[in-house]
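Below is one structure, written out as structure tokens; the observations come after it.
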Amino acid sequence: MAGFPRIAVDPQICGGRPVVAGTRVRVTDVLEMLAGGATADEITADFPYVSHEDVRAVLTYAAAQADHAVVLAAE
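Structure below.
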């Protein structure tokens, strides 16, 4: 995926949902763990094939997806 080399989307993996590249760990899984209070250290301990850089990449990807153009009302 252009701009996000640590994030992959493949229709054959997790139904095409974004995952940490080379794994079946979905972006949403990592985000839910972080939202639930898990630290990056805890996530990487539980999933040793996910690195701290992967966790940062998930956050960067999520931030980019949440960004949108500002829509102004017509005057």
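Here UniProt numbering is used: the first residue of the sequence shown is 1, the next is one more, and so on. Glycine residues also receive a C-beta, built at the ideal position from the N, C-alpha and C atoms.
query	result
Leucine 34 to valine 58 span [Cα, whole Å]	11 Å
Selected residue, minimal CA-CA separation from isoleucine 13, among Arg24, Glu42, Asp67, Ile43	Arg24
Ordered list of alpha helix (DSSP H) runs contained in the region 10-42, each at least 4 residues	27-35
Which of helix, strand or coil DSSP assigns to alanine 2	coil
Euclidean distance between Cα positions of histidine 31 and alanine 73	A quick correction: the sequence has leucine, not histidine, at residue 31. Whole-angstrom Cα-Cα distance: 33 Å.
N- and C-terminal bounds of the alpha helix (DSSP H) containing valine 58	52-66
Simplified DSSP state of alanine 8, which is helix, strand or coil	strand
Proximal residues to glycine 22 (C-beta, below 8 Å), its chain only, five neighbours per side dropped	Ala8, Tyr49
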